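Line by line, the protein sequences give chains X and L. Per numbering that gives the first Met the number 0, numbering of the first sequence is gapless, rising by one per residue and ending at 285. Per numbering that gives the first Met the number 0, numbering of the second sequence is gapless, rising by one per residue and ending at 266. Just so it is clear, CB atoms sit at the ideal spot from N, CA and C, and this is done for glycine as well. Bear in mind that the values here come from a model prediction, so they are computed numbers and not experimental data.
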Amino acid sequence: MSPDKRVRRRRKRTRTASRLTADRSGTMEPERSRYHVESLARGLAVLTQLSLSPLPMSIADITAATGMNISNVFRVLQTLSALGIVERIEATKTFRLTYRSIKLGYNAFAHLDIADLARPALQRLYRAVNESVFLSVLAVPNIISIVRILQPQRLHMVGHTLPAYATPDGKVLLAHLDQHTQRLHFNLLPQTLVCARHTLSRSSFISQLEEVRAQGWAATDEELALNTRGVAAPVFDRDHRCVAAVAVAAAHDRKSYDFMIEAIRPKVLETAAEISALLKIRYETK
Amino acid sequence: MSRSSLGRSERSKYHVTTIDRGLSVLSQFHQSQPHLSLTEIAAGLDCAVSSAMRILRTLEDLGFVEQDLESGNYSPGLQAIRLGYAAMISTDLHHAALPIMRDLFRRTGANVNLDVLIDDLACRVERFTTEDLLIDDFRIGTLIPAQHTASGRALLMCLPSAEIDALLRNRPTEAVGTIPLTPALLHQNLERDNSRGYVFAEQEFGLCVVAAPIFDSSDKTVAAVSVGWLGKPTSSASARRPYVEAVIAAAEEITTALKQVDNGPVE
């Protein structure tokens, strides 16, 4: 495969959580790569439909949802039943996934930490924007980056921990804290916050955070250091708690502020949504 | 291990081999091995790297595996993970058990768990946990050899002994703590558990667990409900009595709820 083709194929594979459901919902699209194994793809399309349906599905339901012909659907169901992944409910002549399907990925996934499960999505973001990508959590008054994919040519002003108030991911994380915890943390902030280009009062910072929470993202323009700007979006768990933030940081001479907001921000939001979608199907302590 | 790793393998003339192989790849990922290299996957499938590559590309195109670009290793993708999730949350068992488990959690303040049997493994499919009992780190989706946990034994205890032997045939005898669990000892334990209707076990870090089986309308064991709490070492039978009573009552309630779903009209 020529490098060119590889890039194109990769680009094709860059997609978002929402498109995952739409695109992969089963209709048999033309080949995606020359390696594509059609008969396996049909099996996976049926499995995907069964996982999306809240109720068991009949052969007719599956045929309609996948756009496959009935004899292929029949063969796939025979195979999946023989493997014990799908079972037929005699009374209703419908099919559903069995507990055995937990062995096909969920079991491994349950034991990945958030950095591991987010990494592929973050790598796709890095490929799409070609700027440094971070996944960070809050350790007031700082943030800690648990995943960092660094653009080799950027100016480095990055440690593992950075002051939360001067970073886009820090703002996102502070903005989504519950009110009680937020108040505790705000009391720890100095009255005047010193940024690279300006200072701001604690109260105006707090109102800035309200805006961040309302809009669902944050940006910084040379606040941490004179030469960096960044944009970040929140990652939520299944209880809608913001547990991490995705950020892209770029050197000021590589990306304009407008470009950060218009071109990069939507991609950061997509990636954050993709990671949230993974966390949503993961059980943690209740 | 590859072909048979998913269990049953009666082949019909309709059998689609590539589906079998694709799912064999997915079943190679497990809790202690969530990332695999191409070489490892090919070895597990017992096939050439190029054939494994074709299967992986197809799985990747459809979101069933993800590739880490730094290491080149694969891990399960969103679509694969969703299968297990859908299987867990959409069952009648889950609907029937959830409110009763929540109530049990509220009343006992202990960890409350629901497990099902997958082949010879106990799989946790629901749990309620208190923050200070995180030592019980059996996350949802965790698979553990059934004979090693109280919930696993509750899943086994009502099975005919021939069936138990068949299930555990492939498992070497492993030690549990300091006591080697021989088949004879396991059967003896299960008989005792069966006669009293619940399992009690003291696990690591002083975690005490009581588990009881749940049955469907044909009186087959379909799940086990359990509570876990921090007990004193060698805690007396009277200390655990309230937990035992609560768990048995909850198991009966879930069984009743499940039978109503099975028999009653479904909307």
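I'd like to know if residue i contacts chain X, where contact means its C-beta is closer than 8 Å to some C-beta of that chain.
{"i": "arginine 106 of chain L", "result": "no"}
{"i": "cysteine 122 of chain L", "result": "yes"}
{"i": "aspartate 60 of chain L", "result": "yes"}
{"i": "isoleucine 99 of chain L", "result": "no"}
{"i": "glutamate 65 of chain L", "result": "yes"}
{"i": "threonine 17 of chain L", "result": "yes"}
{"i": "isoleucine 139 of chain L", "result": "yes"}
{"i": "glutamine 30 of chain L", "result": "yes"}
{"i": "isoleucine 117 of chain L", "result": "yes"}
{"i": "glutamine 78 of chain L", "result": "yes"}
{"i": "methionine 87 of chain L", "result": "yes"}
{"i": "isoleucine 54 of chain L", "result": "yes"}
{"i": "arginine 81 of chain L", "result": "yes"}
{"i": "tyrosine 242 of chain L", "result": "no"}
{"i": "leucine 142 of chain L", "result": "yes"}
{"i": "proline 33 of chain L", "result": "yes"}
{"i": "histidine 14 of chain L", "result": "yes"}
{"i": "glutamine 202 of chain L", "result": "no"}
{"i": "proline 182 of chain L", "result": "no"}
{"i": "alanine 95 of chain L", "result": "no"}
{"i": "threonine 57 of chain L", "result": "yes"}
{"i": "glycine 6 of chain L", "result": "A caution first: glycine 6 of chain L carries a pLDDT of 47, below 50, which makes its placement in the model unreliable, though a value can still be read off. Judged by the 8 Å Cβ criterion, glycine 6 of chain L is in contact with chain X."}
Answer yes or no: does any C-beta atom of chain L fall closer than 8 Å to that of residue i?
{"i": "glutamine 77 of chain X", "result": "yes"}
{"i": "proline 53 of chain X", "result": "yes"}
{"i": "phenylalanine 108 of chain X", "result": "yes"}
{"i": "proline 29 of chain X", "result": "Low per-residue confidence applies at proline 29 of chain X: pLDDT is 44, beneath 50, and the placement is therefore not dependable, though the value from the model is reported in the following sentence. Chain L contact via Cβ: absent."}
{"i": "lysine 266 of chain X", "result": "no"}
{"i": "valine 36 of chain X", "result": "yes"}
{"i": "proline 189 of chain X", "result": "no"}
{"i": "leucine 96 of chain X", "result": "yes"}
{"i": "leucine 277 of chain X", "result": "yes"}
{"i": "serine 255 of chain X", "result": "no"}
{"i": "alanine 81 of chain X", "result": "yes"}
{"i": "lysine 102 of chain X", "result": "yes"}
{"i": "isoleucine 142 of chain X", "result": "no"}
{"i": "serine 131 of chain X", "result": "no"}
{"i": "alanine 21 of chain X", "result": "The predicted model places alanine 21 of chain X with a pLDDT of 37, which falls under 50 and marks its position as unreliable, so this point remains unresolved."}
Would residue i pass as a contact of residue j if the rule is Cβ separation under 8 Å?
{"i": "asparagine 112 of chain L", "j": "arginine 101 of chain L", "result": "no"}
{"i": "serine 160 of chain L", "j": "serine 225 of chain L", "result": "no"}
{"i": "valine 24 of chain L", "j": "threonine 38 of chain L", "result": "no"}
{"i": "alanine 211 of chain L", "j": "alanine 165 of chain L", "result": "no"}
{"i": "valine 230 of chain X", "j": "alanine 271 of chain X", "result": "no"}
{"i": "tyrosine 73 of chain L", "j": "leucine 35 of chain L", "result": "yes"}
{"i": "glycine 83 of chain L", "j": "glycine 43 of chain L", "result": "no"}
{"i": "histidine 35 of chain X", "j": "aspartate 60 of chain L", "result": "yes"}
{"i": "valine 260 of chain L", "j": "valine 209 of chain L", "result": "no"}
{"i": "threonine 65 of chain X", "j": "alanine 44 of chain X", "result": "yes"}
{"i": "threonine 78 of chain X", "j": "histidine 14 of chain L", "result": "yes"}
{"i": "aspartate 220 of chain X", "j": "arginine 212 of chain X", "result": "no"}
{"i": "leucine 124 of chain X", "j": "lysine 266 of chain X", "result": "yes"}
{"i": "leucine 134 of chain X", "j": "valine 146 of chain X", "result": "yes"}
{"i": "aspartate 192 of chain L", "j": "methionine 156 of chain L", "result": "yes"}
{"i": "isoleucine 101 of chain X", "j": "methionine 87 of chain L", "result": "yes"}
{"i": "glycine 230 of chain L", "j": "glycine 196 of chain L", "result": "no"}
So, under 8 Å CB-CB, residue i and residue j are touching, yes? Tell me the CB distance rounded to an integer number of Å.
{"i": "aspartate 215 of chain L", "j": "leucine 257 of chain L", "result": "6 Å"}
{"i": "glycine 83 of chain X", "j": "arginine 99 of chain X", "result": "5 Å"}
{"i": "arginine 239 of chain L", "j": "cysteine 207 of chain L", "result": "6 Å"}
{"i": "serine 200 of chain X", "j": "glutamine 207 of chain X", "result": "In fact, because the Cβ distance is near 10 Å, the residues do not count as touching under 8 Å."}
{"i": "isoleucine 213 of chain L", "j": "serine 38 of chain X", "result": "Isoleucine 213 of chain L to serine 38 of chain X, Cβ: 39 Å. No contact."}
{"i": "alanine 85 of chain L", "j": "leucine 111 of chain X", "result": "Their Cβ separation, rounded to whole angstroms, is 19 Å, which puts alanine 85 of chain L and leucine 111 of chain X out of contact at 8 Å."}
{"i": "proline 53 of chain X", "j": "serine 89 of chain L", "result": "6 Å"}
Which residue wins for smallest C-alpha separation from residue i, given the options the options?
{"i": "alanine 250 of chain L", "options": "L:Ile99, L:Met52 and L:Arg106", "result": "L:Ile99"}
{"i": "methionine 56 of chain X", "options": "X:Leu76, X:Arg253 and X:His175", "result": "X:Leu76"}
{"i": "glutamine 146 of chain L", "options": "L:His93, L:Asp91 and L:Leu116", "result": "L:Leu116"}
{"i": "threonine 254 of chain L", "options": "L:Tyr13, L:Ala95, L:Glu65 and L:Gly62", "result": "L:Ala95"}
{"i": "leucine 189 of chain L", "options": "L:Gly227, L:Leu77, L:Leu206 and L:Thr148", "result": "L:Thr148"}
{"i": "arginine 237 of chain X", "options": "X:Glu37, X:Ala174 and X:Ile280", "result": "X:Ile280"}
{"i": "leucine 142 of chain L", "options": "L:Gln32, L:Asn193, L:Asp60 and L:Asp218", "result": "L:Gln32"}
{"i": "glycine 227 of chain L", "options": "L:Val243, L:Met52 and L:Gly196", "result": "L:Val243"}
{"i": "arginine 105 of chain L", "options": "L:Glu69, L:Ser89 and L:Arg126", "result": "L:Arg126"}
{"i": "arginine 196 of chain X", "options": "X:Leu49, X:Asn226 and X:Gln150", "result": "X:Asn226"}
{"i": "glutamine 66 of chain L", "options": "X:Cys241, X:Thr219, X:Gln48 and X:Leu116", "result": "X:Leu116"}
{"i": "isoleucine 205 of chain X", "options": "X:Gly215, X:Ala174 and X:Ala218", "result": "X:Ala174"}
{"i": "arginine 41 of chain X", "options": "L:Phe137, L:Leu58 and L:Leu92", "result": "L:Leu58"}
{"i": "arginine 126 of chain X", "options": "X:Leu149, X:Leu111, X:Ala250 and X:His110", "result": "X:Leu149"}
**OP:** May I ask you to verify whether the segment 59-73 of chain X touches the segment 103-122 of chain X, counting CB pairs closer than 8 Å and requiring at least 3?
**Re:** Counting Cβ pairs under 8 Å, fewer than three are found: no touch.
Original post:
Are there three or more Cβ pairs, one per stretch, closer than 8 Å when the segment 130-150 of chain X is compared with the segment 176-187 of chain X?
Top reply: Contact holds: three or more Cβ-Cβ distances are below 8 Å.
Original post:
Quick check: the segment 163-170 of chain X against the segment 245-263 of chain X, are there 3 or more CB pairs under 8 Å?
Top reply: Yes, the segment 163-170 of chain X touches the segment 245-263 of chain X.
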